[in-house]
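Just so you know, the protein sequences line up as chains A and B, in that order.
Numbering of the first sequence is given in this note's numbering, commencing with residue -13 and proceeding in unit increments.
Numbering of the second sequence is given in this note's numbering, commencing with residue 96 and proceeding in unit increments.
Ideal Cβ positions, reconstructed from N, Cα and C, are used throughout, including at glycine.
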Amino acid sequence: MPTMTTTVYLPRLAAPTSGMDSARAVPLPGIPPIAGNNFAVLTNGWQGWYVLADHLAKRLKDAGAADVLIVERERISNGAMRPENDEFLDGLATKVAGAIAGLGNCGSCTSWSCSDSLQLERRGVRSAHVVVENFRFIATAVAKAQNQGDHPIVVLPPRANELSSEELAPLADEILLQAFNLEPTR
Amino acid sequence: VTALETRELEFADELALQDWYRTSGFTDGLPVVVPTVERVEGFIRDSGFDRDRRVGLVEPGLGLATVESVAVNALMAGCRPQHLGVVLGALESMIKSRFNLRGVQTTTNPVAPLTIVNGPIRRDLCIDSGGHALGGGPYSNGVIGRGIRLALRNIGGVDVEVSQATLASAARYTFCLAEAEEESPWEPLHVSLGFEPDENVVTTVGVESVVNVVAHMWSDPEDMIHQFVDTMRSVGANVLCGQGTLVWVLNPAHARFLAGAGHTRQSLQQKLFEATKFTPDDWPFAGTSGNRKVGEIEDVHGWSPDDGKIRITESATDIYVLIAGRNHPIHSTYMTAMPYSESTCARVWEPRR
């Protein structure tokens, strides 16, 4: 069959990050020692994540953390699904050495909670985002779009938000192992 | 990098070109106008816009929307150059932070961004505000809405994997209407939002779903409003988890019926706002939704309850009322909101000639 040629435009920029100033991407901060440092756990409304946040705080304190701040996303963004408040994050970054942001348990909450973690990383805070398996892809896409494709992302089983406190406890251990190399004690 | 790539393609026929765009993930599944270099150059030239003029970054992929990149998508959607200013204005509106485009583009909610057009350009472009304003009608509504969607999809980097919609919505193909300003007993929507009557304005809303309301048997306007309130208090509405903008599209006959009873747009908004407040006891799923208990919704919203009741929106002005549709006193339309997405506006772009 005879063929023809034509030159066409692609409707998408060459890479998703093409519009982003690549100079804004930052090196991955090192993992801080647990003992003596402050940490933050960023929450966003999922009930299971509040339980997990309590487990994370207890484990970090048991390991010698000076303090663990549990921060609700409204305080970060002036609204549950709003861009981050730079002033608030700047202040938080001066107080903590590490942070865990979650829970990615839907599409939009995954993209925003992941962004919180990325924003803290840009401020030199070692941070990790926690997402359930169903929404892993969107977390990865958001990290890549912000030129932080190697950002630590901890993946939990689907429906983790609905587990009991006893079932969530080992997941807290796994999150801390992946985020801060904190070995489980149990 | 702001310039789009071009590619030389060898193809057997037009269907092969269509297949290439579809399998490359650049379409909504429907055929597109293939954006050859010649077509794009002509489109931009005829639009009168500077091709490098920037709109902004489109979430979540943070692709850069420029006249050029938007024009390619608009052309693919079937737009003509004269439609481009509306598409550009809608994108400018949707990238404002209040709209929460990151959430809109990645949510499990079926949200589709609605574009409402006000001002003289409605007539110039024949954007339907009548019997097929929301689908199946004249040309402009379809191609403008689709141009916006393709730009959001392609520039924002939202393919079928990035979008986390559970089922999505047919409104994601195209979702654009004009207000029937001439049929309205009240000032046009954009005037109520602070613009001048002769300005061309797009108002964009993250709409979760479109609900038809049959309201043809009422002799008392207050009964009609009661029916509207019951529609808005649907316990499945996602807006009850977070603030958003609700939309009533009243057909001209319904609007005149209510106006004849003395209602202004503002009084209707206030009436709907007050009557839709609810208590935790009204909510059948308290504490069992896997999310917040309804008693904590005031915390989610960041609003104080009024008299122990929780508001459906932050204020009465977040319930939009506009006029469109055929002049039959039967059906009006209610649009529930994507939570955490608030309506935004922008002027239709004008070329710098």
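For residue i, I'd like the list of residues in its chain whose CB is within less than 8 Å of its CB, leaving aside the five on either flank, ordered along the chain.
i: L288(B); result: V296, T298 and C440
i: D48(A); result: T171
i: G110(A); result: V12, P15 and A79
i: R197(B); result: E154 and P155
i: A246(B); result: V153, A160, S164, V165, N168, A169, V182 and L186
CB-CB under 6 Å to residue i, same chain, minus the five flanking residues each way: which ones, in chain order?
i: S103(A); result: A87, S113 and H115
i: N195(B); result: Y435 and S436
i: N30(A); result: R59, C95 and S99
i: A85(A); result: A26, L106, V111 and S113
i: R149(B); result: T161
i: T122(B); result: Y116
i: D159(A); result: P170
i: E103(B); result: none
Counting along the chain, where does the alpha helix (DSSP H) carrying residue i start and finish?
i: A155(A); result: S151 to F166
i: N236(B); result: Y234 to I250
i: D318(B); result: P316 to M327
i: M(-10)(A); result: Here M(-10)(A) belongs to no alpha helix (DSSP H); instead the beta strand (DSSP E) covers M(-10) to Y(-5).
i: W115(B); result: E109 to T118
i: H349(B); result: P347 to G355
i: L196(B); result: L196 to T201
i: I17(A); result: Per DSSP, I17(A) belongs to no alpha helix (DSSP H) and is neither H nor E.
i: A129(A); result: R122 to A131
i: V127(B); result: Element bounds for V127(B): n/a, residue is neither H nor E.
Can you tell me whether residue i is helix, strand or coil according to DSSP?
i: D147(B); result: coil
i: L284(B); result: helix
i: I425(B); result: coil
i: K404(B); result: strand
i: L220(B); result: coil
i: M430(B); result: strand
i: D377(B); result: helix
i: R442(B); result: strand
i: H91(B); result: One cannot answer for residue 91(B) here, as it falls past the ends of chain B, which runs 96 to 448.
i: T80(A); result: helix
i: E103(B); result: strand
i: D72(A); result: helix
i: T210(B); result: strand
i: L341(B); result: strand
i: R(-2)(A); result: coil
i: T131(B); result: strand
i: A87(A); result: strand
i: E58(A); result: strand
With a threshold of 16 other CB atoms inside 10 Å of the CB of residue i, please say whether the residue is buried or exposed.
i: K81(A); result: exposed
i: S314(B); result: exposed
i: L338(B); result: It should be noted that the sequence gives Gln, not Leu, for residue 338(B). Flag for Q338(B) reads buried.
i: V255(B); result: exposed
i: V12(A); result: exposed
i: M312(B); result: exposed
i: T428(B); result: buried
i: G369(B); result: Strictly speaking, residue 369(B) in this sequence is Glu, with Gly absent from that position. Exposed.
i: R267(B); result: buried
i: R140(B); result: exposed
i: T118(B); result: exposed
i: P208(B); result: buried
i: V21(A); result: Residue 21(A) is actually Ala in this sequence, not Val. Exposed, since its Cβ has fewer than 16 Cβ neighbours within 10 Å.
i: P(-3)(A); result: buried
i: R68(A); result: buried
i: C92(A); result: buried
i: R45(A); result: buried
i: G77(A); result: exposed
i: R218(B); result: exposed
i: A83(A); result: buried
Under DSSP, the beta strand (DSSP E) around residue i begins and ends at which residues?
i: L159(B); result: G158 to T161
i: C271(B); result: C271 to A273
i: W35(A); result: It is not in any beta strand (DSSP E) - W35(A) instead sits in the alpha helix (DSSP H) that spans Q33 to D48.
i: L142(A); result: I139 to L142
i: E303(B); result: V296 to V309
i: S113(A); result: R112 to V118
Considering only residues of the same chain and omitting the five flanking positions on each side of residue i, which have a CB-CB separation below 7 Å?
i: V132(B); result: T101
i: L262(B); result: P205
i: V286(B); result: P292
i: N307(B); result: H426 and T428
Using 7 Å as the cut-off, classify the Cβ of residue i as near or not near the heavy atoms of the ligand HEM, replying yes or no.
i: C221(B); result: Ligands are entirely absent from the displayed structure, and the ligand HEM is therefore not among its contents.
Using 8 Å as the Cβ pair cut-off and three pairs as the minimum, do the region 121 to 128 of chain B and the region 162 to 180 of chain B touch?
-> yes
Inspect the CB distances between the region 310 to 330 of chain B and the region 207 to 223 of chain B and report whether three or more fall short of 8 Å.
-> no
Are three or more beta carbon pairs between the region 152 to 165 of chain B and the region 406 to 416 of chain B nearer than 8 Å?
-> no
Can we say the region 221 to 240 of chain B touches the region 260 to 275 of chain B, given the rule of at least three CB pairs closer than 8 Å?
-> yes
Is the number of C-beta pairs between the region 200 to 208 of chain B and the region 221 to 232 of chain B that are closer than 8 Å three or more?
-> no
Cβ pair count under 8 Å reaching 3, the region 152 to 170 of chain A against the region 127 to 137 of chain A | no
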